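A.B. asks:
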Amino acid sequence: MKNIDWASLGFAYIATDKRYVSNYKDGAWDDGALIDDPNVTISESAGVLQYAQTIFEGLKAYTTKDGRIVTFRPDLNADRIVASAKQIEMPVFPKERFIDAVEQVVKANIEYVPPFGSGATLYLRPYEFGTNAVIGVKPCLEYQFRIFCTPVGPYYKGGIRPIKLRISDFDRAAPHGTGHIKAGLNYAMSLHASVTAHAEGFDENLFPDSATRTLVEEAGGANIIFIKGNKLVTPKSNSILPSVTRRSIVYVAKEYLGMEVEERPVALAEIGDFEEAGLCGTAAVISPIGLINDHGKEIVFSNGLETVGPKVRELYETLTGIQMGTVEAPEGWIHEIK
Ligand code: PLP
Ligand code: COI
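If you're matching positions, the sequence shown starts at 229 in the numbering used here and goes up one per residue.
As structure tokens, this is what we get:
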């Protein structure tokens, strides 16, 4: 195992030993290979550079309590990158090859998988982008699919602590746009909102729906869940990313914790009725929310800014227990790297 201070890792890039690359040309993907070079060399006029033709995924590898190395539901990431590719006119990287590439990258960088209990995990970043020169606006003919990995700690600075959100005045996704896929352009859209939120002392933005600005959508890099009593409520919308974590939490809430779950439009006007809230995603895991500022009106959840509420804690512990092998997983959720 690499000599890394796992406990002090934040969510930042560290180059690891090997990455997977496959190139698409003349209508077909090549065989793909693990390579050493972390740099990408492409045309100055590549479609990704000029017109942002790029999509990505994020998933993690974990060391379980009994020392196995596992990934969590990589089939869902494989499916989602297929959906993303279709939406922005890119060739589909086949699902079986996606899973195989995940396995190859984890195995080739096994020394970077943080130990059980360290608080860190190995984040995998699959992505695909247009590489040939384009100058008219059109899809590329050539693409590269890559996966690299990097060990990470908590997404929000300061570890697991309640975060502060503000309702954004900027949009991240249009009603009939690309909010439901994992395209780089959505994240470029969120940067100005993010920098200005940080400058105002918030950790993240909560984006309302762009059409009416009356419904809650999601954060720049995570879905949102709300809790009241024994009920979990999470927004349903065509312009939010179908988070693997959120879909898993919905199942865990119902089947493990006996909670009632509502997936439905959530009005901004009702968020003050909830007792707890959290952001959920691969990077965010389940990050408890302390407060949401809606244009000066502060909604403070019952846990406040120092503590994690009981339901969010229970969901967090069950979900991470499943991921790290201390809680029995539903069939097919844990993909062991052998
Ligand atoms: N929403 C957005 C915009 C994201 O970028 C992410 C991260 O992947 C999520 C939600 C959470 O999705 P998942 O749980 O699949 O990581
Ligand atoms: C992830 O959770 O995997 C994401 O892609 C979110 C990203 C903003 C880091």
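Every residue, glycine too, gets a C-beta built ideally from N, C-alpha and C.
All values reported here derive from a predicted model rather than from experimental measurement.
#1: Suppose contacts are defined by Cβ-Cβ distances below 8 Å. Is G518 in contact with L496 by that definition?
#2: Please list the terminal residues of the continuous alpha helix (DSSP H) segment that includes A311.
#3: From D431, G486, S271, F300, pick the residue whose C-alpha is nearest to that of I363; which is it?
#4: A511: beta carbon under 7 Å from a heavy atom of the ligand COI?
#5: Identify, in the order they occur along the chain, each residue of the same chain with its Cβ nearer than 8 Å to the Cβ of K459, setting aside the five sequence neighbours on each side.
#6: Could you check whether the Cβ of G449 sits closer than 7 Å to any heavy atom belonging to the ligand PLP?
#7: So, do the stretch 425-442 and the stretch 321-341 have three or more beta carbon pairs nearer to each other than 8 Å?
#8: Go ahead and pull the three-state DSSP assignment for K385.
#9: Keeping to the same chain, check which residues put their C-beta closer than 6 Å to that of V334; ignore five residues upstream and five downstream.
#10: Any heavy atom of the ligand COI closer than 7 Å to the CB of G286?
#11: The alpha helix (DSSP H) spanning P538 covers which residue range?
#12: Which same chain residues, not among the five before or five after G509, have their C-beta less than 7 Å away from its C-beta?
#13: Return the residue from the list I520, K314, K230 that minimises the CA-CA distance to P436.
#14: Can you give me the start and stop residues for the beta strand (DSSP E) that L277 sits inside?
#15: Look up D522 in the DSSP assignment and give the residues it is bridged to.
C.D. replies: If we stick to the structure as given:
#1: To locate residue 518, count along the sequence shown from 1; it is residue 290. To locate residue 496, count along the sequence shown from 1; it is residue 268. The answer is no: Cβ separation not under 8 Å.
#2: Position 83 of the sequence shown, counted from the start, is the residue given in the question as residue 311. Note, A311: alpha helix (DSSP H), 302-315.
#3: Here residue 363 refers to the residue found at position 135 when the sequence shown is read from its first residue. Minimum Cα distance to I363 is reached at S271.
#4: The residue labelled residue 511 in the question sits at position 283 within the sequence shown. A511: yes, Cβ under 7 Å from the ligand COI.
#5: Taking the first residue of the sequence shown as 1, we reach residue 459 at position 231. Result list for K459: M487, E488, V489, E490, in chain order.
#6: Indexing the sequence shown from 1 puts residue 449 at position 221. Yes - the ligand PLP has a heavy atom lying nearer than 7 Å to the Cβ of G449.
#7: no
#8: If you number the sequence shown from 1, residue 385 lands on position 157. DSSP places K385 in coil when its eight states are reduced to three.
#9: For the purposes of this step, residue 334 is taken as the residue at position 106 of the sequence shown. The answer, listed in chain order, is A289, I565.
#10: Within the sequence shown, the letter at position 58 stands for residue 286. G286 Cβ: within cutoff of the ligand COI.
#11: For the purposes of this step, residue 538 is taken as the residue at position 310 of the sequence shown. First-last of the alpha helix (DSSP H) with P538: 538-551.
#12: Reading the sequence shown from its first residue, position 281 is the one you call residue 509. Same-chain partners within the cutoff: G449, A450, N451, S471, T473.
#13: The count along the sequence shown starts at 1 and reaches residue 436 at position 208. When each option's Cα is compared against that of P436, the closest is I520.
#14: In the sequence shown, the residue the question calls residue 277 occupies position 49. It is not in any beta strand (DSSP E) - L277 instead sits in the alpha helix (DSSP H) that spans 275-279.
#15: On the sequence shown, residue 522 is found 294 positions in, with the first residue counted as 1. DSSP output for D522 lists K525 as bridge partner(s).
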